[in-house]
Amino acid sequence: MNTFYTSEINTQMLIFLMKKHGIKKVVASPGTTNICFVASLQQDDFFELYSSVDERSAAYIACGLAAESGEPVALSCTGATASRNYVPGLTEAFYRKLPVLAVTSTQHTGRIGQYVPQVIDRSSPLRDIAKLSVTIPTIHDEEDKWAYGVMLNDALLELRHRGGGPVHINLTTTYSDDFSVRELPDVPVINRIEYGDAWPDLSGKRVCIFVGAHQKMTAGLEAAIDAFCEAYDSVVICDHTSNYHGKYGVMGALVLTQQQYQPECMNMDVLIHIGEVSGAYLSMRAKQVWRISPDGKVRDTFRKLRYVFEMREEYFFKQYSAMTDGGKSEMNTYKAWCMEYAKLYRKIPALPFSNGWMAMQLAGRLPEGTVLHLGILNTLRNWNFFKCSAKVYGYANTGGFGIDGGVSSLLGASLAEPEKLYFGVVGDLAFFYDMNVLGNRQFGRNVRLLLINNGVGTEFKNYNHKAAKFGDDADAYMAAAGHYGNKSTKLVRHYAEDLGFEYMSASSKEEFLANVERWLLPELTDRPMLFEVFTASRDESDSLKVIYNLTKTPKGMAKNVVRGMLGEKGIKAAKKILGR
Numbered sequence: 008m009n010t011f012y013t014s015e016i017n018t019q020m021l022i023f024l025m026k027k028h029g030i031k032k033v034v035a036s037p038g039t040t041n042i043c044f045v046a047s048l049q050q051d052d053f054f055e056l057y058s059s060v061d062e063r064s065a066a067y068i069a070c071g072l073a074a075e076s077g078e079p080v081a082l083s084c085t086g087a088t089a090s091r092n093y094v095p096g097l098t099e100a101f102y103r104k105l106p107v108l109a110v111t112s113t114q115h116t117g118r119i120g121q122y123v124p125q126v127i128d129r130s131s132p133l134r135d136i137a138k139l140s141v142t143i144p145t146i147h148d149e150e151d152k153w154a155y156g157v158m159l160n161d162a163l164l165e166l167r168h169r170g171g172g173p174v175h176i177n178l179t180t181t182y183s184d185d186f187s188v189r190e191l192p193d194v195p196v197i198n199r200i201e202y203g204d205a206w207p208d209l210s211g212k213r214v215c216i217f218v219g220a221h222q223k224m225t226a227g228l229e230a231a232i233d234a235f236c237e238a239y240d241s242v243v244i245c246d247h248t249s250n251y252h253g254k255y256g257v258m259g260a261l262v263l264t265q266q267q268y269q270p271e272c273m274n275m276d277v278l279i280h281i282g283e284v285s286g287a288y289l290s291m292r293a294k295q296v297w298r299i300s301p302d303g304k305v306r307d308t309f310r311k312l313r314y315v316f317e318m319r320e321e322y323f324f325k326q327y328s329a330m331t332d333g334g335k336s337e338m339n340t341y342k343a344w345c346m347e348y349a350k351l352y353r354k355i356p357a358l359p360f361s362n363g364w365m366a367m368q369l370a371g372r373l374p375e376g377t378v379l380h381l382g383i384l385n386t387l388r389n390w391n392f393f394k395c396s397a398k399v400y401g402y403a404n405t406g407g408f409g410i411d412g413g414v415s416s417l418l419g420a421s422l423a424e425p426e427k428l429y430f431g432v433v434g435d436l437a438f439f440y441d442m443n444v445l446g447n448r449q450f451g452r453n454v455r456l457l458l459i460n461n462g463v464g465t466e467f468k469n470y471n472h473k474a475a476k477f478g479d480d481a482d483a484y485m486a487a488a489g490h491y492g493n494k495s496t497k498l499v500r501h502y503a504e505d506l507g508f509e510y511m512s513a514s515s516k517e518e519f520l521a522n523v524e525r526w527l528l529p530e531l532t533d534r535p536m537l538f539e540v541f542t543a544s545r546d547e548s549d550s551l552k553v554i555y556n557l558t559k560t561p562k563g564m565a566k567n568v569v570r571g572m573l574g575e576k577g578i579k580a581a582k583k584i585l586g587r
């Protein structure tokens, strides 16, 4: 029979990645639900297929074959209780760390529990039969292709990870009768590199480093990053939570969030990604991303992940620096980024009285060696446009990324070093959500809090937010306007002063500038300070729009016009048609 690969894209993707990860040995058991997978494998000369009617025996066959050959071995079974028979063999594989891949085919998982014949729940396998278990549904769009491609890579990598062991993939089928596909889709491949492995070459490539939220870097790590930058003509793209204070850092947000301008410097061959969740929402134009982390986890933040280096960051940068001839580059990449930042900064006009305007006034004036805590989204976004003074360490609750706990985190940090100044900037909803912490008796005099009170969740009022199209109708429920005194000039004052805070307020640029010198004092005062500033959400939105559109190119303007005409759904459809 002249057949080729199944038309089921999820199965095609798995087969493609099995080939790329060198998984060619397969023990197949008979069934209907796994026909699309098995029929596709048996016509491909890459695979070595073996048959076993009894799934219990098949799993042990895989154990023996994997142990003797030193290679991963895959299993394939149908629906119903077939997969249950893998349990003894997979338990053996788990405790012997044998790379056995159990591919259990399934109907749509929505049928679980609906008394559909041959459908059982495989979502919670026993802890000691699989290092990792994933379900791969059918593919409907590009988002599915990306997400399930990453999951498949992660699963196949786990077969050999940290000594190896069994992995489970629950593969959904639609029982397609179409086996006419001659070429497998080109699915992005992710590889993990550990100590002792061969490392890919970086010579001749344009390389940038992006640092997400990061703990304070040691002097050794910063020195290793600087040496790497000098060896590879690289630059370190940061936000305020990156906490890199070496020679080659640039604030990326002002350059990378322009809506009608894309500078040439943002094109790179390799982006090296370290750190954790960033709140900068930066668009990186990299051909490949290399993730460096001791946890070795697959984290495809920028959707271009090629390698995961499971190792300490300092070790990675030192090793790559040692691979060069030891000479220093002219740092053209760093200079280009600095020039772009400076050019855009000079274009910033007089901003409205807003979070962005205050960030522009304050960022470069924070006393050296102090600590800055920023509220998520609108505050963090605006402050990320502007460089802080040297050696100011920055933090935001970007891990869980919730509105709660920003002021409490600031207090907690300030307890570590009572003689150091800790600055915080939060919006009104975040403040009132966490205001009870101001009553904590351990609130020290080393805390300076800036409260931006616009009486609403101004994030939802920004011109580019989905809620903005509802105008004032968004206020009641989406943007939560009018709560907590509705911009009362007395509520926070009384609360703060009664709790022992020094209170200041401003409703204009002039009032702000008249009080800010006190708030910025480099020495400790007798009491903690709370500076409440009243702004309007329209001014916040206008300020952001100005910063996002500081310069224009014909190409950038054309993209904006097309986006306005087609909308986001139209853009995605056009990219799909064009294959981009």
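For the sequence shown, this note's numbering gives the first residue as 8, with consecutive numbering after it. Backbone N, C-alpha and C fix where the C-beta goes; we use that ideal spot for every residue, glycine too. A quick note: this is a predicted structure, and the numbers were derived from the prediction, not measured.
Own chain partners of residue i with C-beta closer than 6 Å, once the 5 adjacent residues on each side are dropped
{"i": "Val-498", "result": "Note on identity: in this sequence residue 498 is Leu, with Val being the wrong assignment. The residues are Gly-492."}
{"i": "Leu-445", "result": "Leu-506"}
{"i": "Gly-171", "result": "Lys-104, Pro-106"}
{"i": "Leu-384", "result": "Glu-466"}
{"i": "Leu-537", "result": "Leu-456, Ala-503, Phe-508, Tyr-510"}
{"i": "Asn-389", "result": "Asn-362, Gly-363, Ala-366"}
{"i": "Ala-100", "result": "Cys-70, Val-107, Pro-173"}
Where residue i sits in the DSSP three-state scheme
{"i": "Ile-355", "result": "coil"}
{"i": "Val-218", "result": "strand"}
{"i": "Asn-385", "result": "helix"}
{"i": "Ala-483", "result": "coil"}
{"i": "Phe-408", "result": "coil"}
{"i": "Asp-51", "result": "coil"}
{"i": "His-380", "result": "strand"}
{"i": "Ser-64", "result": "helix"}
{"i": "Lys-32", "result": "strand"}
{"i": "Lys-26", "result": "helix"}
{"i": "Ser-58", "result": "strand"}
{"i": "Arg-587", "result": "At Arg-587, the pLDDT of 49 sits below 50, so the modelled position is not reliable; the number obtained from the coordinates is stated separately. Correct three-state label for Arg-587: coil."}
{"i": "Thr-18", "result": "helix"}
{"i": "Val-157", "result": "helix"}
{"i": "Ile-554", "result": "helix"}
{"i": "Gln-267", "result": "coil"}
{"i": "Gly-363", "result": "helix"}
Own chain residues within Cβ distance below 8 Å of residue i, not counting five before or after
{"i": "Val-540", "result": "Met-365, Leu-457, Leu-458, Ile-459, Asn-460, Ser-512, Ala-513, Ser-514, Phe-519"}
{"i": "Val-123", "result": "Gln-114"}
{"i": "Asp-185", "result": "Thr-13, Ser-14"}
{"i": "Asn-522", "result": "Met-511, Ser-512, Ala-513, Phe-538"}
{"i": "Tyr-341", "result": "Cys-236, Asp-240, Ser-241, Val-242, Tyr-255, Val-257"}
Counted within 10 angstroms of its Cβ, other Cβ atoms place residue i as buried (16 or more) or exposed
{"i": "Phe-439", "result": "buried"}
{"i": "Tyr-288", "result": "exposed"}
{"i": "Ser-112", "result": "buried"}
{"i": "Tyr-102", "result": "exposed"}
{"i": "Asn-250", "result": "buried"}
{"i": "Leu-557", "result": "buried"}
{"i": "Thr-40", "result": "buried"}
{"i": "Lys-138", "result": "buried"}
{"i": "Met-20", "result": "buried"}
{"i": "Trp-344", "result": "buried"}
{"i": "Ala-231", "result": "buried"}
{"i": "Ser-495", "result": "exposed"}
Distance cut-off 8 Å: residue i Cβ against heavy atoms of the ligand HEM
{"i": "Thr-340", "result": "Among the ligands in the structure shown, none appear at all, so the ligand HEM cannot be discussed."}
Own chain residues within Cβ distance below 7 Å of residue i, not counting five before or after
{"i": "Gly-436", "result": "According to the sequence provided, residue 436 is Leu. The question's Gly does not apply to it. Ile-410, Gly-464, Ala-487, listed in sequence order."}
{"i": "Arg-118", "result": "Val-126"}
{"i": "Phe-360", "result": "Ser-515, Lys-516, Thr-542, Asp-546"}
{"i": "Lys-31", "result": "Phe-53, Phe-54, Glu-55"}
{"i": "Thr-405", "result": "Ala-220, Thr-248, Val-284, Ser-285, Gly-286, Ile-383"}
{"i": "Ala-370", "result": "Trp-390, Phe-393, Lys-394, Cys-395"}
{"i": "Tyr-348", "result": "Val-257, Met-258, Leu-261, Val-262"}
**Request:** Evaluate the contact criterion for the segment 35–49 versus the segment 73–92: three or more CB pairs, one atom per stretch, below 8 Å.
**Result:** Enough Cβ pairs lie closer than 8 Å, so yes.
**Entirely enclosed alpha helix (DSSP H) segments - the segment 175–216, minimum 4 residues** = You should have found no qualifying run.
**Request:** Could you pull out every unbroken alpha helix (DSSP H) segment of at least 4 residues lying fully inside the segment 87–143, listed in chain order?
**Result:** Entirely contained in the segment 87–143, the alpha helix (DSSP H) runs reaching 4 residues are, in chain order, 94–103.
**Asked** If we count Cβ pairs, one from each stretch, closer than 8 Å, do we get three or more for the segment 300–317 versus the segment 238–247?
**Response** The segment 300–317 vs the segment 238–247: no contact.
**Message:** If we require 3 or more residues per run, which beta strand (DSSP E) segments fall completely within the segment 489–518?
**Reply:** The segment 489–518 contains these whole beta strand (DSSP E) runs: 509–513.
**At least 3 beta-carbon pairs within less than 8 Å: the segment 199–206 vs the segment 124–134** = Segment contact: the segment 199–206 against the segment 124–134, fewer than three CB-CB distances shorter than 8 Å; contact not assigned.
**Prompt:** Any chance the segment 261–281 sits against the segment 363–382, with 3 or more Cβ pairs inside 8 Å?
**Reply:** No: fewer than three Cβ pairs fall under 8 Å.
**Message:** Check whether the segment 200–215 and the segment 138–155 touch, using three or more Cβ-Cβ pairs below 8 Å as the test.
**Reply:** Per the Cβ contact rule, the segment 200–215 is not in contact with the segment 138–155 (fewer than 3 Cβ pairs under 8 Å).
**Request:** Any chance you could list the alpha helix (DSSP H) runs of at least 4 consecutive residues sitting entirely within the segment 298–337, in chain order?
**Result:** With a minimum length of 4 residues, the continuous alpha helix (DSSP H) runs that stay inside the segment 298–337 are 320–329.
**Item:** Segment contact flag, the segment 83–98 with the segment 158–169, C-beta cutoff 8 Å, min 3 pairs
**Value:** They do not touch, by the three-pair rule.
**Asked** In chain order, which beta strand (DSSP E) runs of at least 3 residues are fully inside the segment 390–471?
**Response** If we require 3 residues or more, the beta strand (DSSP E) runs fully inside the segment 390–471 come out as 400–402, 429–434, 454–460.
**Message:** For the segment 265–275 against the segment 289–297, do three or more pairs of beta-carbon atoms, one drawn from each stretch, fall closer than 8 Å, so that the two count as touching?
**Reply:** With contact defined as three or more Cβ pairs closer than 8 Å, the segment 265–275 and the segment 289–297 are in contact.
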